[in-house]
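Novice:
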Amino acid sequence: MRYLPLTQPDRDAMLDVIGAATIDDLFVDVPESARLDGPVRGLPDHASELAVERHMTALARKNVVAGEVPFFLGAGAYRHHVPASVDHLIQRGEFLTAYTPYQPEIAQGTLQMLFEFQTQVARLLGTDVANASMYDGSTACWEAIGMARRITRRGKAILSGGLHPHYVSVAKTMAKYTGDALETSIPTLGAQTDIDALIGRIDGDTSCVVVQYPDILGRIADLTPLADACHANKALLIAVVTEPVALGAIRSPGEMDADIVVGEGQSLGVGLQFGGPYVGLFGCKDKYVRQMPGRLCGETVDADGKRGFVLTLSTREQHIRREKATSNICTNSGLCALAFSVHMTLLGEKGLRQLAAINHAGAAAAAERLARVPGVELVTDTFFNEFTLRLPQEARPVVRTLADRGILAGVSLGRLYPDEAGLANGLVVAVTETTTAEDVETFAAALQEVLA
Amino acid sequence: MSINQSGWRPEMTASSGTAAPTFTGNKALMLDEALIFEIGSTETTGVDFADAVELGASNRLGGLFREAAIGLPGLAEPEAVRHYTRLSRQNYAIDLGLFPLGSCTMKHNPRLNEKMARLPGFSDVHPLAPVDTVQGALEVIHQLSHWLVTLTGMTSVAMSPKAGAHGELCGILAIRAALEKRGEGTRKVILVPESAHGTNPATAAFAGFKVEDIPATADGRVDTAALIARLGPDVAGVMITNPNTCGLFERDLRTISDAVHAAGGYVYCDGANFNAIVGRVRPGDLGVDAMHINLHKTFSTPHGGGGPGSGPVVFSDALTPFAPLPFVEKQGDQFVLVEEETAGEHHAGSFGRMVAFHGQMGMFTRALTYILSHGADGLRQVAEDAVLNANYVLRSLADTLDAPFAGSGPCMHEAIFSDANLADGFSTLDVAKGLIDEGFHPMTVYFPLVVHGAMLVEPTETESKAALDQFIGALRSVAERAKAGDASLKSAPHFAPRSRLDETLAARKPVLVWKDAPLAEAAE
Chain V
1 MRYLPLTQPD RDAMLDVIGA ATIDDLFVDV PESARLDGPV RGLPDHASEL
51 AVERHMTALA RKNVVAGEVP FFLGAGAYRH HVPASVDHLI QRGEFLTAYT
101 PYQPEIAQGT LQMLFEFQTQ VARLLGTDVA NASMYDGSTA CWEAIGMARR
151 ITRRGKAILS GGLHPHYVSV AKTMAKYTGD ALETSIPTLG AQTDIDALIG
201 RIDGDTSCVV VQYPDILGRI ADLTPLADAC HANKALLIAV VTEPVALGAI
251 RSPGEMDADI VVGEGQSLGV GLQFGGPYVG LFGCKDKYVR QMPGRLCGET
301 VDADGKRGFV LTLSTREQHI RREKATSNIC TNSGLCALAF SVHMTLLGEK
351 GLRQLAAINH AGAAAAAERL ARVPGVELVT DTFFNEFTLR LPQEARPVVR
401 TLADRGILAG VSLGRLYPDE AGLANGLVVA VTETTTAEDV ETFAAALQEV
451 LA
Chain G
1 MSINQSGWRP EMTASSGTAA PTFTGNKALM LDEALIFEIG STETTGVDFA
51 DAVELGASNR LGGLFREAAI GLPGLAEPEA VRHYTRLSRQ NYAIDLGLFP
101 LGSCTMKHNP RLNEKMARLP GFSDVHPLAP VDTVQGALEV IHQLSHWLVT
151 LTGMTSVAMS PKAGAHGELC GILAIRAALE KRGEGTRKVI LVPESAHGTN
201 PATAAFAGFK VEDIPATADG RVDTAALIAR LGPDVAGVMI TNPNTCGLFE
251 RDLRTISDAV HAAGGYVYCD GANFNAIVGR VRPGDLGVDA MHINLHKTFS
301 TPHGGGGPGS GPVVFSDALT PFAPLPFVEK QGDQFVLVEE ETAGEHHAGS
351 FGRMVAFHGQ MGMFTRALTY ILSHGADGLR QVAEDAVLNA NYVLRSLADT
401 LDAPFAGSGP CMHEAIFSDA NLADGFSTLD VAKGLIDEGF HPMTVYFPLV
451 VHGAMLVEPT ETESKAALDQ FIGALRSVAE RAKAGDASLK SAPHFAPRSR
501 LDETLAARKP VLVWKDAPLA EAAE
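Protein chains in written order, with UniProt numbering: chain V, 1 to 452; chain G, 1 to 524.
Have a look at this one:
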């Protein structure tokens, strides 16, 4: 019980001050029938630091570490190299163990960081403003749909078939309870995105069109015609970015006139972590800022006229507006936002563009190599760092077989779309700066053997 | 060791108030830090790449190459390290001292948690990796689930909610799914006591319910009679916080639960304050149907200046069939991930998926590390020490500050005071800002709303008696000044990195991003 500083003499002295004879006297309001007479049964007692380390390390060893094998998984979570100073800085106790900056005079470190984060995110996404982060990309996407409903007062959202199927699932779950009508579709295993089809479906009931960029198969398309079609119908364009590194190479959704741009910021600074915690990015046009969910940090001055930062526009939030709030969200991913921001600051524009170029060049080379494996076809001819292969058989068992050979080969569309036979042969392959040419060669050779 | 029991006040020498301002405006080790947009450049980078790569005409970017400047400043590594280290020094944090935020629970964050979460076997694992390559990760989820279910006396747990408020949504959606399954989707009202967190009504409204407030009694608890009188065929359930936000145990929760169940509704418990009762009370024994657990509050995962959180939700038998996907099950020797595709008939009632992957895995490893360190015996001691510390603060200050519920029985994990006996014109905010000058983060202010000028102090179990005595002395000193009308309090803090900040200006003229654009121009 090394985390509990009170000694028994302390406890006795404190009970004395309180005027209680025993600790039980402080639990008198608990009904007799609900009191436990000792520690909950069936669970072990406290353990030493060494014993806990052994236990956790043994569990960690049961996992295959991405960095120790040829690794090609993406589909919404990407493995990038994170500079050592990022993790060092986020472990500084003044960042790690601070709370929400409710007292701004002694939280300027967190607040200035969030202001810088908001600016970096807005510039990256191409939006006027950005908030101080959301839980993750999938929940940010859902919040954006809700925001479009509030702005347009319409209840039909059109979701692109290229949107990550888990993001679609989250939106479907929530729509059941908020009453939004969601029009969804399934991607086709080909080079063409569904932009043209989406344009044809927009009508006077449409609150928004949600499109992923690059999409779940890795494809990229100019969103400008879609934005124009949305705006002609007074609907909003929501763009979803699951790989923000892409925006170091390709035009931002904001540049193409998207109204709300959300994203998953995991790629920068955060790491894979088996799915979380991640960091949701959320940007929009200035005119919609008061309908935004989540926390916002704003610049102001102190009593001496010095620049400072505070949480602001809280009249949108649950602690003020209760049931009329824009969202029930009550936290952000502060520490992950810090990791994102530090990594972005280390990269700078020059580094981000170089990182993006390396990712793209590596992916292009890998796509060409893998497409030379007999029977394998590259179905996405334009992409950033992730592309889709059509295998001559179902991809899911192939992925399993390759895992047995120590190669984590990508995400099979069969795992993402178990009910869609037409996608079963699809394999989504991601390549980043952490992927070596030898990794690609190992993968290609093993794939050829497995398919033979 | 000698502790200043009366609360120390800095001795102000004549010269300290009249010293010449510094040329830079900085004070000794405290340096103001410019924004990265003011000190960085788009041509600077703090990373090296092995090979330079040019994007050329042969690329596969489909003509979408980003030509215009983005405007992202870079810093060389030493500059970046200094920038963020300097910023960090302008933060208060639990590593620096007592952080008495009521209802937020800021306890020691053990570094063992951090070390374990960073084992590559946990941190460098992809959420969509084949399940037989991530058995250890699934086992962590399974072990933590077992602890949470056992400690709460419930049936199952949903691990995916990303934060406490997300957990509330999870619980309320399960209630809605259960009602619809029974053909009683017509129940549209959720009763919420007025002492509840603001997230409770926001959550209920977000999930399509109508929210009705239930008043509090004069002793700071739910008005049980009023609540029971309101039950009926239109009521879906209640959201209740126990221990509540007045720091009190809801003695009648079992009675309330029985009445709600008899009337066909469900009981949601906001478990934000579970650290006060862990190991001493199982919410399942009080008739709760769903409760979220903030892992950072009870199980010490760090909050990092605002997050991330993690909000697993435990369910009773009645709501278990409606829990969200995905979750982890043990089948034989293997841990499997139950997703939409693999959900058998016994999960057919699930209300769906709340989040892209499996929740806050990095928080699960930290929480499990903490739980194993404490064990069942240590967790019981956690509740005892948290409650002891809170009552010690309450009784030590009740002669100085108004304590509206001091007669309502022992407090649980937090002690509540009010501004009732301060001098005219002095407010809770002045006391809070005065505490900053004493070297402490202030307590929670103006919450809960049922107490005028509330000051909610939660010391937590990881504070020593010496630390509490120091805090009590400081708060007593500030309170005495506010009672005596000491005008210098009105302009506190005087010694913080910033003096009182103009929050009204920030809201009236929002500046949310750095506006000057010389970077973009410079890059052209």
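Where a beta carbon is used, it is the ideal one built from N, C-alpha and C, also for glycine. If you're wondering where the values come from, they're calculated on a predicted model, not measured in any experiment.
For K285(V), name the three-state secondary structure that DSSP assigns.
Specialist: Position 285 of the first sequence holds residue 285(V). Residue state, collapsed to three classes: coil.
Novice: From R92(V) to H83(G), what does the alpha carbon distance come to, in whole angstroms?
Specialist: Numbered from its first residue, the first sequence carries residue 92(V) at position 92. Numbered from its first residue, the second sequence carries residue 83(G) at position 83. Whole-angstrom Cα-Cα distance: 13 Å.
Novice: Could you work out which residues of chain V lie near I36(G), taking near to mean beta carbons separated by less than 7 Å?
Specialist: The residue labelled residue 36(G) in the question sits at position 36 within the second sequence. Neighbours of I36(G) on chain V, chain order: E116 and T345.
Novice: My assumption, with CB atoms under 8 Å, is that H347(G) sits in contact with V313(G). Please give the rounded CB distance.
Specialist: Start at 1 with the first residue of the second sequence, and residue 347(G) comes out as number 347. Start at 1 with the first residue of the second sequence, and residue 313(G) comes out as number 313. Going by Cβ atoms, the distance from H347(G) to V313(G) rounds to 15 Å, so no, they are not a contact pair.
Novice: Let me see if you follow: with CB-CB separation under 8 Å, is A424(V) close to chain G or not?
Specialist: Here residue 424(V) is taken as the residue at index 424 of the first sequence, counted from 1. It does not; no Cβ of chain G falls within 8 Å.
Novice: Kindly identify the DSSP beta-bridge partner or partners of R353(G).
Specialist: By one-based count along the second sequence, residue 353(G) stands at place 353. Paired residues: L325(G).
Novice: What residues in its chain sit with their C-beta under 6 Å from that of A148(V), if we drop five residues either side in the sequence?
Specialist: Within the first sequence, numbered from 1, the residue matching residue 148(V) stands at position 148. Within the same chain, A148(V) has close Cβ partners S207, C208 and L236.
Novice: Could you tell me which chain G residues have their CB closer than 7 Å to the CB of A75(V), listed as they occur along the chain?
Specialist: Locating residue 75(V) in the first sequence gives position 75, counting from the first residue. Within 7 Å Cβ-Cβ: L128.
Novice: Mind listing the chain G neighbours of K156(V)? Cutoff is C-beta to C-beta under 9 Å, in chain order.
Specialist: Here residue 156(V) refers to the residue found at position 156 of the first sequence. Here the premise fails: no neighbours, minimum Cβ distance about 17 Å.
Novice: Scan the stretch 64-77 of chain G for residues whose Cβ lies nearer than 9 Å to a Cβ of chain V and list them as they occur along the chain.
Specialist: Flagged, chain order: L64, F65, R66, E67, A68, A69, I70, G71, L72, P73, G74, L75, A76 and E77.
Novice: Measure the alpha-carbon distance for residue 525(G) versus T139(V) and round it to whole angstroms.
Specialist: There is simply no residue 525(G) to check, as chain G begins at 1 and stops at 524 in what is shown.
Novice: Just to confirm the assignment: which complete alpha helix (DSSP H) runs, minimum length 4, are found wholly within the UniProt domain "Glycine dehydrogenase C-terminal" (384-483) of chain G?
Specialist: The UniProt domain "Glycine dehydrogenase C-terminal" (384-483) of chain G contains these whole alpha helix (DSSP H) runs: 428-437.
Novice: Applying the 10 Å Cβ sphere with the 16-neighbour rule, what's the burial state of Q334(G)?
Specialist: Here residue 334(G) corresponds to residue number 334 of the second sequence, with the count starting at 1. Result: exposed.
Novice: On the criterion of 16 or more Cβ atoms from any shown chain inside 10 Å, does P277(V) qualify as buried, or is it exposed?
Specialist: As a working note, residue 277(V) is residue 277 in the first sequence. Buried, because 16 or more other Cβ atoms sit within 10 Å of the Cβ of P277(V).
Novice: In angstroms with no decimal places, state the Cα-to-Cα distance between E349(V) and T45(G).
Specialist: The residue given as residue 349(V) occupies position 349 in the first sequence. The residue given as residue 45(G) occupies position 45 in the second sequence. Going from the Cα of E349(V) to the Cα of T45(G) covers about 8 Å.
Novice: Hey, out of I407(V), T436(V) and L447(V), whose CA is closest to E394(V)'s CA?
Specialist: Translated into positions along the first sequence, residue 394(V) becomes position 394. Of the listed residues, the one whose Cα sits closest to E394(V) is L447(V).
Novice: Answer with buried or exposed for D516(G), where buried requires no fewer than 16 other C-beta atoms within 10 angstroms of its C-beta.
Specialist: Sequence index remark: in the second sequence, residue 516(G) carries index 516 (1-based). Exposed, since its Cβ has fewer than 16 Cβ neighbours within 10 Å.
Novice: Verify whether the separation of the beta carbon atoms of L335(V) and G307(G) is less than 8 Å.
Specialist: Locating residue 335(V) in the first sequence gives position 335, where the first residue counts as 1. Locating residue 307(G) in the second sequence gives position 307, where the first residue counts as 1. In contact: L335(V) and G307(G) (Cβ atoms closer than 8 Å).
Novice: What are the residues that DSSP puts in a beta bridge with C170(G)?
Specialist: Position 170 of the second sequence, counting from 1, holds the residue named residue 170(G). Paired residues: none, contrary to the question.
Novice: Is there a Cβ of chain V sitting closer than 8 Å to that of I39(G), yes or no?
Specialist: The residue given as residue 39(G) occupies position 39 in the second sequence. So, not an interface residue.
Novice: Cα-Cα, which of D377(G), V140(G), V382(G) and D402(G) is closest to N273(G)?
Specialist: Locating residue 273(G) in the second sequence gives position 273, counting from the first residue. Closest option to N273(G), Cα to Cα, is V382(G).
Novice: Round the Cβ separation of T444(G) and G102(G) to the nearest angstrom and send it over; I've been treating them as touching at under 8 Å.
Specialist: Looking up residue 444(G) in the second sequence gives position 444. Looking up residue 102(G) in the second sequence gives position 102. With a Cβ gap of about 4 Å, T444(G) and G102(G) count as contacting.
Novice: Since P193(G) and T312(V) should fall inside the 8 Å C-beta cutoff, what is the C-beta to C-beta distance between them, to a whole number of angstroms?
Specialist: Position 193 of the second sequence holds residue 193(G). Position 312 of the first sequence holds residue 312(V). Incorrect: roughly 29 Å between the Cβ atoms, too far for contact.
Novice: Which residues share a DSSP beta bridge with G263(V)?
Specialist: As a working note, residue 263(V) is residue 263 in the first sequence. Bridge partners of G263(V): V241(V) and L281(V).
Novice: Using a Cβ-Cβ cut-off of 8 Å, state whether Q212(V) counts as contacting chain G.
Specialist: Within the first sequence, the letter at position 212 stands for residue 212(V). Chain G contact via Cβ: absent.
Novice: Are at least three pairs of beta-carbons, each pair with one atom in the stretch 258-267 of chain V and one in the stretch 464-474 of chain G, less than 8 Å apart?
Specialist: Contact fails: fewer than three Cβ-Cβ distances are below 8 Å.
Novice: As an exercise, report each continuous beta strand (DSSP E) stretch of at least 3 residues that is fully enclosed by the stretch 159-231 of chain V, in chain order.
Specialist: Runs found: 181-183 and 206-212.
Novice: Roughly how many angstroms lie between the CA atoms of T184(V) and V168(V), to the nearest whole one?
Specialist: As a working mapping, residue 184(V) is identified with position 184 in the first sequence. As a working mapping, residue 168(V) is identified with position 168 in the first sequence. Straight-line Cα distance between these residues: approximately 8 Å.
Novice: Give the straight-line distance between the Cα atoms of V210(V) and G349(G), rounded to the nearest whole angstrom.
Specialist: Position 210 of the first sequence, counted from the start, is the residue given in the question as residue 210(V). Position 349 of the second sequence, counted from the start, is the residue given in the question as residue 349(G). Going by the C-alpha atoms only, they are around 28 Å apart.
Novice: Label A68(G) either buried or exposed according to how many other C-beta atoms from any shown protein chain fall within 10 Å of its C-beta, with 16 as the threshold for buried.
Specialist: Counting from 1 along the second sequence, the entry for residue 68(G) is found at position 68. Classification of A68(G): exposed, given that the 10 Å Cβ count is below 16.
Novice: Does DSSP put A445(V) in a helix, in a strand, or in coil?
Specialist: Start at 1 with the first residue of the first sequence, and residue 445(V) comes out as number 445. Residue state, collapsed to three classes: helix.
Novice: Would you mind telling me which residues of chain G sit closer than 7 Å to R17(V), beta carbon to beta carbon, in chain order?
Specialist: Residue numbering aside, residue 17(V) sits at position 17 when the first sequence is read from its first letter. Looking at the sequence itself, residue 17(V) is Val, so the reference to Arg does not match. Result: Y392, R395 and S396.
Novice: Any C-beta of chain G within less than 8 Å: which residues of the stretch 285-305 of chain V qualify?
Specialist: The stretch 285-305 of chain V vs chain G, Cβ under 8 Å: V289, R295, L296, C297, G298, E299, T300, V301, D302, A303 and D304.
Novice: Check the C-beta distance from E415(G) over to L394(G) and give it rounded, since I have them as a contact under 8 Å.
Specialist: Within the second sequence, numbered from 1, the residue matching residue 415(G) stands at position 415. Within the second sequence, numbered from 1, the residue matching residue 394(G) stands at position 394. The residue you asked about is not Glu; residue 415(G) is Ala in the sequence shown. The Cβ separation is near 4 Å, so the contact holds.
Novice: Along the stretch 423-437 of chain G, where does the CB come closer than 8 Å to a CB of chain V? Name the residues.
Specialist: Within the stretch 423-437 of chain G, the qualifying residues are A432, K433 and I436.
Novice: Should L338(V) and F95(V) be called a contact, given that it needs their Cβ atoms to be closer than 8 Å?
Specialist: Sequence index remark: in the first sequence, residue 338(V) carries index 338 (1-based). Sequence index remark: in the first sequence, residue 95(V) carries index 95 (1-based). Yes, they are a contact pair.
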